[in-house]
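Following the numbering used here from start to finish, the sequence shown increments by one per residue and tops out at 117. Backbone N, C-alpha and C define an ideal beta-carbon position, used for all residues, glycine too. To start, the structure under review is shown below, and the notes come after it.
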Amino acid sequence: MSANMTVVAVMSVCDVPVFLGDILTSAPFAPPTPLHLPTRGEVPAALPSRLQPVGVSRKVLWHDPNCLVGFAGPLREAKKLRSRISAMGSGKVDVSSIRKLIDEKAVKAYPGLSLVAMMKQGQSWKIMSSGG
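So this is what it looks like as structure tokens:
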């Protein structure tokens, strides 16, 4: 069974784009080795009782200075998508290619994954999202 990533969000604070993602991954089983989280001890209490913290993972991919993509959902699916985005190469990603990645049909290739993306267009940032 795969671990899940939980939180990723995009918002604007005083007209400045902000991308947030926690690092915790969780699953309905205990980790095979003791887990040392770089956080406070209350983390397990914040999770639903059926989930255990099992690791950490980066949930925001800064592809290049003009493109950020965030993931929430199954870690296995996020890794597949992260590899696909990285293979595009820096500077070769534009709004239409990111829009294709988060299109409803494309997201079905990554079951359960929710995505948010920010692309810089001129002086502004375009925010796109898709739910898994």
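Cβ-heavy atom distance, residue i to the ligand ATP, below 7 Å
| i | result |
| --- | --- |
| V1 | Ligands are entirely absent from the displayed structure, and the ligand ATP is therefore not among its contents. |
Pick from the options that is closest to residue i, judged by C-alpha positions
| i | options | result |
| --- | --- | --- |
| P59 | S11, Q106, P50 | S11 |
| L98 | F56, H21, D88, G6 | F56 |
| K65 | K77, L46, S81, P19 | L46 |
| L119 | S82, L9, C(-1), F14 | Here the chain has residues from -14 to 117 only, and residue 119 is not among them. |
| W110 | V80, P19, I87 | V80 |
| R(-7) | L20, S115, T18, L5 | A small correction: the amino acid at residue -7 is Val; Arg does not occupy that position in the sequence shown. The shortest Cα separation from V(-7) among L20, S115, T18, L5 belongs to L5. |
| K44 | L36, S68, V1 | S68 |
Extent of the continuous beta strand (DSSP E) to which residue i belongs
| i | result |
| --- | --- |
| K105 | 99 to 106 |
Same chain, Cβ closer than 8 Å to residue i, neighbours up to 5 away in sequence not counted
| i | result |
| --- | --- |
| V3 | V(-5), M(-4), S(-3) |
Residues of its chain near residue i, where Cβ-Cβ distance is below 7 Å and the 5 sequence neighbours each way are ignored
| i | result |
| --- | --- |
| R84 | M113 |
Delimiting residues of the alpha helix (DSSP H) encompassing residue i
| i | result |
| --- | --- |
| K85 | 80 to 87 |
3-residue-minimum beta strand (DSSP E) runs that sit fully inside the region 28 to 65, ordered along the chain:
You should have 37 to 41, 45 to 49, 52 to 59.
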